[in-house]
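Under our numbering, the sequence shown is numbered contiguously, ending at residue 441.
Everything below concerns the one structure shown next.
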Amino acid sequence: IGTFFLVLTIGLVSGDLAPLAIGAALMAMIYAGGHISGAHYNPAVTVAAFVRGRCAKPDMLPYIMAQLFGASLAALAASLIKGDGGSPDDFNIGKTFLAEFLFTFALAYVILNVATAKSTAGNSNYGLAIAMTVVAGAYAVGKYSGGAFNPAVAVGACMMKKLMWQNLWVYLLANTAAGAAAGMVFKKLNPDDK
Numbered sequence: 248i249g250t251f252f253l254v255l256t257i258g259l260v261s262g263d264l265a266p267l268a269i270g271a272a273l274m275a276m277i278y279a280g281g282h283i284s285g286a287h288y289n290p291a292v293t294v295a296a297f298v299r300g301r302c303a304k305p306d307m308l309p310y311i312m313a314q315l316f317g318a319s320l321a322a323l324a325a326s327l328i329k330g331d332g333g334s335p336d337d338f339n340i341g342k343t344f345l346a347e348f349l350f351t352f353a354l355a356y357v358i359l360n361v362a363t364a365k366s367t368a369g370n371s372n373y374g375l376a377i378a379m380t381v382v383a384g385a386y387a388v389g390k391y392s393g394g395a396f397n398p399a400v401a402v403g404a405c406m407m408k409k410l411m412w413q414n415l416w417v418y419l420l421a422n423t424a425a426g427a428a429a430g431m432v433f434k435k436l437n438p439d440d441k
């Protein structure tokens, strides 16, 4: 999941502030997944951890395969979202749904892991991780979907005429489905955290 969102952000952002969004995505995913995987989102880090004695030999190949799989899926998702470009004025249901689903999932996943997990209790930096997930998402897909990542934000954006009312259903469906998916993934990865 961490490698996926790192590579997805890299694939979608551009401009002078792209490094900020990429760093934000990495930071948020480290906060979210560090207690699960040690935040191995890079095969070179896995090798370094192995050499250091902090990654068991049987774990190396699964980590590296997961990292490469996540990167490959992210590249595919980025190409589906980015295509020939776009903007919220040039609304595309598929691109908008995918962009909103993925970064709403990222946001909910980070929130569940940094603000609700037993293993991160007392984490005083969770607000930074949550905010940086929104920063990364806004930079990465804001120009493709409007960057709501939240049904309430989508409603407010429609009221302010930043999004169109006839497209609201896409945001409501994508954001709600992503929240549910993040909850299921959290439960799967943290079965003892009730």
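For every residue, glycine included, the Cβ atom is placed at its ideal position computed from N, Cα and C.
Check your understanding: Can the beta-carbon of Tyr386 be found less than 8 angstroms from the beta-carbon of Thr343?
Key -> no
**Study point:** Per-residue burial, Leu253 [other beta carbons within 10 Å of its own, 16 or more giving buried]
**Key:** buried
**Study point:** Sequence-distant residues of the same chain with beta carbon closer than 7 angstroms to Ile340, five excluded per side
**Key:** Val417
Practice item. Check Met274 in the structure and name its three-state DSSP category. Key: helix
Check your understanding: Below 8 angstroms, can you find three or more Cβ-Cβ pairs linking the region 288–295 to the region 310–319?
Key -> yes
Review point. Hey, Phe350 and Val388: beta-carbon distance below 8 angstroms or not?
Key: yes
Practice item. For Met407, count neighbouring Cβ atoms within 10 angstroms of its own Cβ and tell me buried if that reaches 16, exposed if not. Key: exposed
Check your understanding: Taking just the CA atoms, how far does Met307 sit from Ala318?
Key -> 17 angstroms
**Study point:** Same chain, Cβ closer than 6 angstroms to Asn414, five either side skipped, listed in chain order
**Key:** Phe338
Point to revise | Three-state class that DSSP yields for Met307 in the structure shown | key: helix
Practice item. Specify, as a first and last residue, the run of the alpha helix (DSSP H) that Asn372 falls within. Key: Per DSSP, Asn372 belongs to no alpha helix (DSSP H) and is neither H nor E.
Check your understanding: By DSSP, does Phe352 sit in helix, in strand, or in coil?
Key -> helix
Review point. Roughly how many angstroms separate the alpha carbons of Val260 and Phe352, rounded to a whole number?
Key: 18 angstroms
Review point. Leaving out the 5 sequence neighbours to the left and right, which residues in its chain are closer than 8 angstroms to Ala399 when beta-carbon positions are compared?
Key: none
Check your understanding: How is Tyr391 classed by DSSP in three states: helix, strand or coil?
Key -> helix
**Study point:** CB contact flag (Phe348, Ala421, <8 angstroms)
**Key:** yes
Practice item. Can you give me the start and stop residues for the alpha helix (DSSP H) that Val254 sits inside? Key: Gly249 to Leu259
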